[in-house]
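Heads up: the sequence shown runs through residues 35 to 242, numbered per our numbering.
A short write-up of the structure that comes next.
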Amino acid sequence: MKKVSEIAPQRRRRAEKLNSNLEVVAPQLAVERRKTEQKKAKHAAETPEQSEERLTKRRHKEADRRARPSQQQQQQDAVDDVKARRLTDYTVKLGESASATRTFETDFVNNPFGYVCDLCERLWHMKDLTPVSSAMRETLSLAAPPEWGETVARVCTTCKNFLVKQKIPLFSEWVSLPTHATRSSGSKRCGRTCQCSNCTDDPMENHH
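Right, here's the structure in full:
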């Protein structure tokens with residue numbers, strides 16, 4: 035820490051550098067000298083305890099000043115915060131984009147369209163078809179001969195929901211069924227493509 039006696043010459047040299055006119059600078063230097071002398075007299079009159087207390091306060095203030103970040107450091111901290119937020123936002127957007135890409139690949143790229151349900155004969159995505167279980171075949175056997183039910187391998191979600199409830203799907207395509215075949219619901223109609231007497235005699239019954 036610089037002594038008080040060293041501060042006055044520095045101020046004088048600084049003042050002389052700014053203005054070489056002694057008539058202007060002299061009064062300012064005189065004021066500074068008086069202040070310096072007053073401080074010296076005050077410090078000389080202090081007791082050792084007061085002097086130690088004053089020096090302790092000064093050391094604490096100096097430590098606090100050094101601990102405070104400079105303006106340049108504050109600006110750098112602000113820039114770092116902005117970079118961190120932008121990186122976080124970019125990471126979130128990148129994650130959302132990757133998630134959308136994975137969803138598209140799962141639902142479409144790796145799930146091709148054009149697979150036929152063996153009951154309704156409609157086109158579906160590959161993963162929308164479910165293998166027929168033994169319980170589903172038992173439901174099918176109520177409306178069709180076993181040999182026909184054994185040909186049904188995969189069904190769509192709509193037909194599956196009907197079979198799970200032990201009902202014949204409404205959109206079933208009954209192809210080449212015998213004339214005595216009936217639905218489990220008790221209707222006389224065999225199927226939409228059936229031309230047996232039960233399906234053609236009474237047109238009103240065909241709209242059950």
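Positions of the beta carbon are idealized from the N, C-alpha and C atoms, including for glycine.
| Using the C-alpha atoms, what's the distance from Lys73 back to Arg92? | Whole-angstrom Cα-Cα distance: 14 Å.
| request: Could you tell me the boundaries of the beta strand (DSSP E) in which Phe147 lies? | output: Here the beta strand (DSSP E) through Phe147 covers 147-150.
| query | Around the C-beta of Ser206, are 16 or more other C-beta atoms found within 10 angstroms, so that it is buried, or is it exposed? | reply | Of the other Cβ atoms in all chains shown, 16 or more fall within 10 Å of the Cβ of Ser206; this residue is therefore buried.
| At what residue ranges does the region 54-111 contain a whole run of the alpha helix (DSSP H), taking only runs of 4 or more? | For the region 54-111, whole alpha helix (DSSP H) runs of length 4 or above, ordered along the chain, are 56-78, 82-101.
| query | Run through DSSP, which three-state label would Cys154 get? | reply | Cys154 falls in the coil class under three-state DSSP.
| How would you write the range of the alpha helix (DSSP H) that Ala177 sits in, first residue to last? | Per DSSP, Ala177 lies in no alpha helix (DSSP H) and is assigned neither H nor E.
| said: Run through the DSSP bridge pairs and tell me what Thr164 is partnered with. | reply: For Thr164, which the question treats as bridged, DSSP gives the partners Val189.
| If you measure from the CB of Glu184, is any heavy atom of the ligand SAH nearer than 7 Å? | For the ligand SAH, the structure offers nothing, since it holds no ligand at all.
| query | Is it the case that the Cβ atoms of Trp189 and Leu153 are separated by a distance below 8 Å? | reply | Checking the sequence shown, residue 189 turns out to be Val, not Trp. Yes. Within cutoff.
| message | Could you tell me the alpha carbon to alpha carbon distance between Glu87 and Arg99, rounded to whole angstroms? | response | Glu87 and Arg99 have their C-alpha atoms spaced approximately 18 Å apart.
| query | For Ser231, which residues from the same chain have a beta carbon less than 6 Å from its beta carbon, with the 5 sequence-adjacent residues on both sides left out? | reply | Its pLDDT being 46, under 50, Ser231 is placed unreliably by the model, and nothing is read from it.
| Phe196, buried or exposed, once every other Cβ within 10 Å from all chains shown has been counted against 16 | By the neighbour-count rule (16 or more Cβ atoms within 10 Å), Phe196 is buried.
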